[in-house]
Structure formats: structure tokens, C-alpha cells
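Structure, as C-alpha cells:
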Amino acid sequence: MAELYIGLMSGTSLDGIDVILAAPRRRGFHLRSALHRPFSPQLRKQLFALQASGPDELRRASLAANELTRACAAAVRSLLSRARVAAGAVTAIGCHGQTVRHQPRAGYTVQLINGALLAELTGISVVCDFRSRDIAAGGEGAPLAPAFHSALFRTPNRDRAVVNIGGIANVTSLPARGRVTGFDSGPGNCLLDAWINAHQRLPYDRGGAWAARGRLAPRLLERLLADPYFRRRAPKSAGRETFNLDWLRQRLTANPRAVDVQATLLELTACTISRAVQTYCPDAGEVLVCGGGARNRALLSRLAALLPGSARCGHGRAGRRSRARRSPRVCLARAPDPAAQARQSARGHGRARPACAGRDLPGLRIIEPLGRQARQEFHSAFLISNQRVSAAVTTVTSDRQD
Ligand SMILES: Nc1ncnc2c1ncn2[C@@H]1O[C@H](COP(=O)(O)OP(=O)(O)OP(=O)(O)O)[C@@H](O)[C@H]1O
Ligand SMILES: [Mg+2]
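If you read the sequence shown in the numbering used here, its first letter stands for residue 133, the second for the next number, and so on.
Structure, rendered in C-alpha cells:
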């Protein structure tokens, strides 16, 4: 019988927990079941408050980690019962935890989760701490997304780019031949979510409808784009400590209409993603867009408009039951931009960084539940538990063509 793994993820949008049950295959894996559990308002508040420093942080962080762990264990139980699989049949859980600090340049990244408690509550071995080893080796602490996108979407026939629009947006360049690279282009949904929440008390801007009603504020866009992060060469990574409401408010000099700020934030996201694709994946004939932001129609139209020669050519939906399964994968087919190609070949890709994904990731912490031998086959565990699982994989496994 195929080995089974569980992947658990909660991303920078702080929307909730995505959990999947999967059986690895030679390439990628077979998805057995997936579900999404929104955070309770209380847990979300706790995690949100920990995104910035404050009093009594260590205690609050430890308690929040325990609370999150209990929510993860409950999600695992629901998943297993839905799939009619016993905990004992699962080889390991790969659990990312909730990022509350990400400072690779200062040499650390913090994901809240209590792996020991999760192992105890579920009776399943837990693999966690996915990012520290990469930072220790001089990387950006985000080794999984490129490896994962590569395992699922790379094809020898054409160059592709994968854009995952979570709280922060990341881009993976998947050349038909040559090195796979990935980095964060900047904000994905995080500023759009924060602004609509501050002004309309909504968790997110459904379909980008509110942004679509506003008018672009060009001066504001210019100020936002002037942040040095956007000029920095890849590889680079960002978190909520860089892009947040304070960051935005510091750049609001005039008194624009709230709806116009939303329109401008949407443009910022589209603009920084499209520039990242053009700079680092100039030959990509296909741009696969995934993550919750792929449901933002207004954002996708801007993205398609900003990527020269692009046309929306596919929109995958796979399954009806869970929210994760409903996530669209949108494919933008595009003709390579000759000017960007020229710029790229003149510049070359960003400085090489230690590749620490896949099998070469010895720094993972394995936590065994008492009395049970953990198997040392991490590879599948961290492929399935990587950050992008929630939005991308679940859809693509059933409708991918190669
Ligand atoms: N219908 C929709 N219209 C617009 N935006 C949406 C819609 N559905 C989801 N989103 C956005 O997607 C976000 C959730 O996406 P996702 O779960 O991919 O992000 P994440 O948890 O930050 O993931 P990660 O950081 O791991 O990439 C929501 O916070 C919201 O901003
Ligand atoms: Mg999420």
C-alpha cells in the first residue's frame, strides 16, 4: 500500500489551516483528501498580534503555538475521518507552522507550532522547522516553494513561471533546462486584506471588486514602488514585518479616498509580480497563477495586461468539496518579451544561493510520538507539506497535462 503523508500549512494571510492527505508518486503525489479550516477569531487575533513585537511575547507566542497546534490536530482528525484513514496508516505529518518573524538577513525565521504536542495529539510523527536550515546555509529560508513547484509543474517542453499569490507573493522560474529559482516579489494579498479590513471590516476584497471601483493614485503607487525591497535583486524574501498597514500609512501623504488606495494596492501587487516575472522568467511561455490571490479577478486582469503578450488560457477547477480544492489555477500564456530577455541575459540571475531543498535538507526536526519509530524518509513529507499546498497542488494534480 502507498505510504501516506499529511501536510499542514497556514500562510501569511492568516486565513486558516490547509491540510492535505497525500500519497507520494514518482513525480508529485496523489491527493487523497484536503480541507481548509479557518482560524477562530481568537486564534487569528493572537497570531496577528504576534506579527510585531510587544510585551510578554515569549509567553504569548508559546500559548499561541499550543493553540494553533490544537487547531492543527483537530484539522488532522477531521481529514482522517473524512478519508476513512487511521492515524496509524500515516507515515508522517509535515507541518510548516505560522510564520511570525522572517529575518533571513539577521539569520532567523520563526514559525510557531508545537511539534511535540502535535505528535502527542495525533499519534503521528511530525516533521517541522522547514526553513531554519536554509537560512543557516546562507539562503532566504524559503527552500520549499521552488522545489515543490518544480516537482509538480516543470516540463521539458517549455519554460514556465509559477506565481503563488498568498499574503506575500512568490515567483518560481521553471526553465525547461537549467536552474530553478524562486523568490518573493513582494506583497500578495496582505496589504489588500489589511486595508479593506481597516475600512470595510471585511477579511478580503472578494474578486477585487472594491479595488475595481477605485481610481489609481499614481503618486502613491510611485512612493510604494520606491521601497528598496523592489529594487533588491533576487533571491529575496519578505514577510508581514516588511509589508503591513504601518508601512502603507507611512507612505500616505495626501488624504486619498480609501477605495483609491485599494485600487493602488492592487496595482502595486500586479506591477511587482509582473516585473518579477519579466525580469527573472523572460522566456516563460506560461505563467501559472495560484494561491488565494488567483481568485481575485481584478488582480488577474491587471496581471494579464501587464505581462506583454499574455492571454488567459486556462482556468482549472478540481473538485467541489473543500475550499482548497476550489482554488483556481489560472494560466497566462504569453509570448516572451524580447526587451526583458535582453536585460536578463545582460544581468544574469541573482547570486547563487545554497540549494537546500529536496533530499539535501538534513536540518529538519523530527518528532516522534512516544513508542513509535519515525521513518527517515523526509522527502515526500516536505514536498507535500510545503507552503503552497493549500492553493496550488490540490487543483493542479487533477488537471495538469504533463
Ligand atoms: N474570492 C477571492 N477574491 C479575492 N481574494 C481572495 C479570494 N479568495 C481568497 N482570496 C485571498 O487569498 C488569501 C488566502 O490565500 P492563501 O491561503 O493562498 O494565502 P496564504 O495563507 O498567505 O498562503 P501562503 O503564504 O502560504 O502562500 C485571502 O486572505 C484573500 O486575500
Ligand atoms: Mg492560507
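A virtual CB, placed ideally from N, CA and C, is assigned to each residue, including glycine.
Starting from residue i, follow the beta strand (DSSP E) in both directions and report where the run begins and ends.
{"i": "E418", "result": "E418 to C422"}
{"i": "R169", "result": "F161 to P170"}
{"i": "P319", "result": "T313 to P319"}
{"i": "D150", "result": "G148 to P156"}
{"i": "L136", "result": "L136 to M141"}
{"i": "N246", "result": "No beta strand (DSSP E) holds N246; DSSP gives it neither H nor E."}
{"i": "I297", "result": "R292 to I297"}
{"i": "Q174", "result": "It is not in any beta strand (DSSP E) - Q174 instead sits in the alpha helix (DSSP H) that spans P173 to A181."}
{"i": "H228", "result": "Neither: H228 is in no beta strand (DSSP E) and is coded neither H nor E."}
{"i": "C260", "result": "V258 to C260"}
I'd like to check one pair, residue j with residue i: are the Cβ atoms closer than 9 Å?
{"i": "I300", "j": "R372", "result": "yes"}
{"i": "F285", "j": "N302", "result": "no"}
{"i": "L352", "j": "R383", "result": "yes"}
{"i": "N428", "j": "G318", "result": "no"}
{"i": "L200", "j": "G247", "result": "no"}
{"i": "R202", "j": "L244", "result": "no"}
{"i": "S145", "j": "E272", "result": "no"}
{"i": "D150", "j": "L140", "result": "yes"}
{"i": "A436", "j": "A408", "result": "no"}
{"i": "L323", "j": "F375", "result": "yes"}
{"i": "V258", "j": "L250", "result": "yes"}
{"i": "L195", "j": "Q178", "result": "yes"}
{"i": "L398", "j": "A330", "result": "no"}
Look at the alpha carbon of residue i and the alpha carbon of residue j, and state the distance between them as a whole number of angstroms.
{"i": "A207", "j": "S165", "result": "12 Å"}
{"i": "R345", "j": "P388", "result": "14 Å"}
{"i": "L357", "j": "G320", "result": "14 Å"}
{"i": "C488", "j": "N289", "result": "Caution applies to C488, whose pLDDT of 29 falls short of 50 and renders its modelled position unreliable; the value that the coordinates give is listed next. Each residue's alpha carbon lies about 26 Å from the other."}
{"i": "G220", "j": "C227", "result": "17 Å"}
{"i": "D291", "j": "L432", "result": "20 Å"}
{"i": "T313", "j": "A283", "result": "13 Å"}
{"i": "R214", "j": "L167", "result": "10 Å"}
{"i": "A326", "j": "H162", "result": "35 Å"}
{"i": "A293", "j": "D337", "result": "25 Å"}
{"i": "L306", "j": "L438", "result": "20 Å"}
{"i": "C422", "j": "T304", "result": "12 Å"}
{"i": "Y130", "j": "G270", "result": "For the chain, the structure presents residues 133 to 534; residue 130 sits outside this window and is missing."}
{"i": "A426", "j": "V295", "result": "9 Å"}
{"i": "R265", "j": "A277", "result": "15 Å"}
{"i": "T538", "j": "T411", "result": "Only positions 133 to 534 of the chain appear in this structure, which leaves residue 538 out of reach."}
{"i": "Q239", "j": "R233", "result": "The sequence shown places Gly at residue 239, not Gln. Taking the straight line joining both Cα atoms gives about 11 Å."}
{"i": "E135", "j": "R209", "result": "18 Å"}
{"i": "R364", "j": "I267", "result": "18 Å"}
Would you check whether ligand 2 has a heavy atom nearer than 8 Å to the C-beta of residue i?
{"i": "S172", "result": "no"}
{"i": "D150", "result": "yes"}
{"i": "G424", "result": "yes"}
{"i": "G229", "result": "no"}
{"i": "S317", "result": "no"}
{"i": "G226", "result": "no"}
{"i": "G143", "result": "yes"}
{"i": "G298", "result": "yes"}
Could you pull the start and end residues of the alpha helix (DSSP H) that residue i belongs to?
{"i": "L284", "result": "L276 to F285"}
{"i": "I300", "result": "Where I300 is concerned, there is no enclosing alpha helix (DSSP H), although the beta strand (DSSP E) it sits in stretches over I300 to L306."}
{"i": "T201", "result": "E189 to A215"}
{"i": "A341", "result": "A341 to R345"}
{"i": "P350", "result": "P350 to L357"}
Given 8 Å as the limit, tell me if residue i has its C-beta closer than that to any heavy atom belonging to ligand 1.
{"i": "N376", "result": "no"}
{"i": "L146", "result": "yes"}
{"i": "L324", "result": "yes"}
{"i": "P335", "result": "yes"}
{"i": "R263", "result": "no"}
{"i": "N198", "result": "no"}
{"i": "I245", "result": "no"}
{"i": "I256", "result": "no"}
{"i": "N428", "result": "yes"}
{"i": "G139", "result": "no"}
{"i": "R338", "result": "yes"}
{"i": "G273", "result": "no"}
{"i": "A314", "result": "Residue identity differs from the one stated: residue 314 is Gly in this sequence, not Ala. The answer is no for G314."}
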